[in-house]
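A.B. asks: For reference, each letter of the sequence shown is one residue, going 4 to 428 in the numbering used here. For every residue, glycine included, the Cβ atom is placed at its ideal position computed from N, Cα and C.
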Amino acid sequence: MNYITETKNEREIQKVNDEINSYLLKVFEPNLSKLLKKCYQCARCSGVCQISKVQKFSPSRVIQMILEGFEEEIINSGVLWDCLMCNSCLQMCPKDINFADIVRIARYKMLMKDIQNLDRSVAHKGIYPLMAEIMSKDNIKINRPLDWIPKGCKTSVKGKILYYVGCLPFFSYDFQDLDSIASSTLKILCQIEKEPLVVLKEEICCGHDLYWGQGKLDVFIELAKKNKKKFEEAGISTIITACAECYRTFKIDYPKLFEDFNDKFKVMHIIEYVFEKWEQGKIQFKNPNSSDEIIPFTFHDPCRLSRFLPKDNTIIKNVREIFEHLKKIGYDFKEMEHNQERSYCCGVSSWMNCNERSKALRYKRLSEAKAVGNKLITSCPKCQIHLSCLKKDYDDFSSVEILDFSEFLVDLIDIIEPDQNSEGK
Numbered sequence: 004m005n006y007i008t009e010t011k012n013e014r015e016i017q018k019v020n021d022e023i024n025s026y027l028l029k030v031f032e033p034n035l036s037k038l039l040k041k042c043y044q045c046a047r048c049s050g051v052c053q054i055s056k057v058q059k060f061s062p063s064r065v066i067q068m069i070l071e072g073f074e075e076e077i078i079n080s081g082v083l084w085d086c087l088m089c090n091s092c093l094q095m096c097p098k099d100i101n102f103a104d105i106v107r108i109a110r111y112k113m114l115m116k117d118i119q120n121l122d123r124s125v126a127h128k129g130i131y132p133l134m135a136e137i138m139s140k141d142n143i144k145i146n147r148p149l150d151w152i153p154k155g156c157k158t159s160v161k162g163k164i165l166y167y168v169g170c171l172p173f174f175s176y177d178f179q180d181l182d183s184i185a186s187s188t189l190k191i192l193c194q195i196e197k198e199p200l201v202v203l204k205e206e207i208c209c210g211h212d213l214y215w216g217q218g219k220l221d222v223f224i225e226l227a228k229k230n231k232k233k234f235e236e237a238g239i240s241t242i243i244t245a246c247a248e249c250y251r252t253f254k255i256d257y258p259k260l261f262e263d264f265n266d267k268f269k270v271m272h273i274i275e276y277v278f279e280k281w282e283q284g285k286i287q288f289k290n291p292n293s294s295d296e297i298i299p300f301t302f303h304d305p306c307r308l309s310r311f312l313p314k315d316n317t318i319i320k321n322v323r324e325i326f327e328h329l330k331k332i333g334y335d336f337k338e339m340e341h342n343q344e345r346s347y348c349c350g351v352s353s354w355m356n357c358n359e360r361s362k363a364l365r366y367k368r369l370s371e372a373k374a375v376g377n378k379l380i381t382s383c384p385k386c387q388i389h390l391s392c393l394k395k396d397y398d399d400f401s402s403v404e405i406l407d408f409s410e411f412l413v414d415l416i417d418i419i420e421p422d423q424n425s426e427g428k
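Set out below in structure tokens:
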């Protein structure tokens, strides 16, 4: 039976209402079977597969078995829960076969057919995906604490620019100091913008982890519908986030569901926002320290910024332009061996597979970081969480400081007043 490539299965349709089903067809690849037949088994995907370096896993073998009619065996084995969804394979595929999309659809099929094997793969007892599911319910009232908002920063419930925090405040249940990412990002925005920034007390999850990790596409759709409605009611025209996963979700996945999403909302990562303001001559960078010491640092590219965006998206190039410019104020940007599209995954996308195998990947990543400096910058909260977690287990990495992009830049930004001479790029 074609569990993966079949997209209009009546038994599935019975499990979701007609409206949700119409949305589901938008996030399914309609020509998946045709796409898979383009594969000529060069196995380049398996050669670069990051999880295959620490366990037995082969994207090309999975595709081969699907094409040979063994979809049911693949589904029943549960092997597709092991995929990191890092998209390294797509970077090397000469036929542009999106294996992560295959896995995403297969995971949904597995859930619909009660072939789950899911509990063994979801990290941190499934608390965070469960929170997202709860937020999707109509009878749930969200009332987020806003005590992380910096003093003096003006916020509003309505306006043009939304700072979308994401699930960061909830992560503090398990992890420390994450509020610093949110407060640093909002502080940057408040320094630059004259009007109050919108921060929603009733903000809900974007749905990324359910979409990519757990295969709960129907719940993702409910979250997307609720988010779009909240944005419209607040009068939002620009959405800014510091989370790579939220950014990818709003930038690429929501427009698949809502044809007018891109017309109504401009989606920006904080990297893009800072780069744009710098390019416009509205900000420059300063060193708050009086020391002449040169500070080396490096950057970990999250999968969602380096491999999950269209090729014409320049965010990973833009962040490097900023970093190279910081050499003028005493910072020395150094690349790790694996960078940009070749960057290592942190191993725990969508709160999946936080285990010894993914720890082995993080060990490799921190080893690369330490080889070039003791300051590691990233722009994905989950990357920061799990790299920091591994750091605690190994004294070798105790000297490596791990910071979010916003935490790193917040004290380096200097506002250029209209009558002030710009230093330019």
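Does the count of Cβ pairs from the region 305 to 323 and the region 245 to 258 closer than 8 Å reach three?
C.D. replies: Touching, yes, given that three or more Cβ pairs across the two stretches are closer than 8 Å.
A.B. asks: Taking the straight line between their C-alpha atoms, what separation do you get for R64 and C52?
C.D. replies: 12 Å
A.B. asks: How close, in whole Å, do the beta carbons of K285 and I419 come, if the pair is a contact with beta carbons under 8 Å?
C.D. replies: 6 Å
A.B. asks: Report back the beta-carbon spacing between C306 and S352 to the nearest angstrom; my notes put them in contact at under 8 Å.
C.D. replies: 6 Å
A.B. asks: What is the residue span of the alpha helix (DSSP H) that F278 lies within?
C.D. replies: 273 to 282
A.B. asks: Could you tell me which residues DSSP puts in a beta bridge with S159?
C.D. replies: V201
A.B. asks: Tell me whether the region 145 to 153 and the region 218 to 226 touch, counting them as touching only if at least three CB pairs, one residue from each stretch, are closer than 8 Å.
C.D. replies: Touching, no.
A.B. asks: When the Cα atoms are used, what is the spatial distance from Y347 to D417?
C.D. replies: 33 Å
A.B. asks: Count the other CB atoms within 10 Å of the CB of D85; is the residue buried (16 or more) or exposed (fewer)?
C.D. replies: In this structure D85 is buried. Its beta-carbon is surrounded by 16 or more other beta-carbon atoms within 10 angstroms.
A.B. asks: Is P421 buried or exposed, if buried means 16 or more other CB atoms sit within 10 Å of its CB?
C.D. replies: exposed
A.B. asks: Within 6 Å: the Cβ of K367 and any heavy atom of the ligand COA?
C.D. replies: For the structure depicted, the ligand COA is absent and the ligand set is empty, with no information on it obtainable.
A.B. asks: Would you mind reading off the limits of the alpha helix (DSSP H) that contains Q194?
C.D. replies: 182 to 195
A.B. asks: Can you grab the Cα-Cα spacing for the pair I184 / E410, in whole Å?
C.D. replies: 6 Å
A.B. asks: Taking contact to mean at least 3 C-beta pairs separated by less than 8 Å, is the region 398 to 407 in contact with the region 325 to 336?
C.D. replies: no
A.B. asks: Spell out a yes or no on whether the region 256 to 275 and the region 56 to 73 are touching, meaning 3 or more CB-CB pairs, one atom from each, closer than 8 Å.
C.D. replies: no
A.B. asks: Please say whether T241 and K269 have beta carbons closer to each other than 7 Å?
C.D. replies: yes
A.B. asks: Can you tell me which of the three DSSP states V82 falls into?
C.D. replies: Look at V82 here: in three-state DSSP terms it is helix.
A.B. asks: In this structure, how does DSSP classify P153 when only helix, strand and coil are distinguished?
C.D. replies: coil
A.B. asks: With DSSP run on the structure shown, which of helix, strand or coil describes P421?
C.D. replies: coil
A.B. asks: Mind checking L28: buried by the 16 CB within 10 Å criterion, or exposed?
C.D. replies: exposed
A.B. asks: Counting along the chain, where does the beta strand (DSSP E) carrying D335 start and finish?
C.D. replies: Run containing D335: 334 to 336, per the beta strand (DSSP E) assignment.
A.B. asks: Using 8 Å as the threshold, is the region 199 to 206 in touch with the region 88 to 100, meaning 3 or more CB pairs across them?
C.D. replies: Contact between the region 199 to 206 and the region 88 to 100 is not established, with fewer than three Cβ pairs separated by less than 8 Å.
A.B. asks: Which of helix, strand or coil does DSSP assign to L220?
C.D. replies: helix
A.B. asks: With a threshold of 16 other CB atoms inside 10 Å of the CB of V90, please say whether the residue is buried or exposed.
C.D. replies: According to the sequence as given, residue 90 is Asn; it is not Val. It counts as buried.
A.B. asks: Could you spell out where the alpha helix (DSSP H) holding I388 opens and where it closes?
C.D. replies: 384 to 396
A.B. asks: Locate the beta strand (DSSP E) running through F300, then write down its first and last residues.
C.D. replies: 298 to 302
A.B. asks: Assuming L70 and K40 are in contact, meaning their beta carbons sit under 8 Å apart, how far apart are those beta carbons, in whole angstroms?
C.D. replies: About 7 Å separates the CB atoms of L70 and K40; that is less than 8 Å, so the two are in contact.
A.B. asks: Measure from the alpha carbon of K140 to the alpha carbon of each residue in N342, E76, I207, E75, then state which is nearest.
C.D. replies: I207
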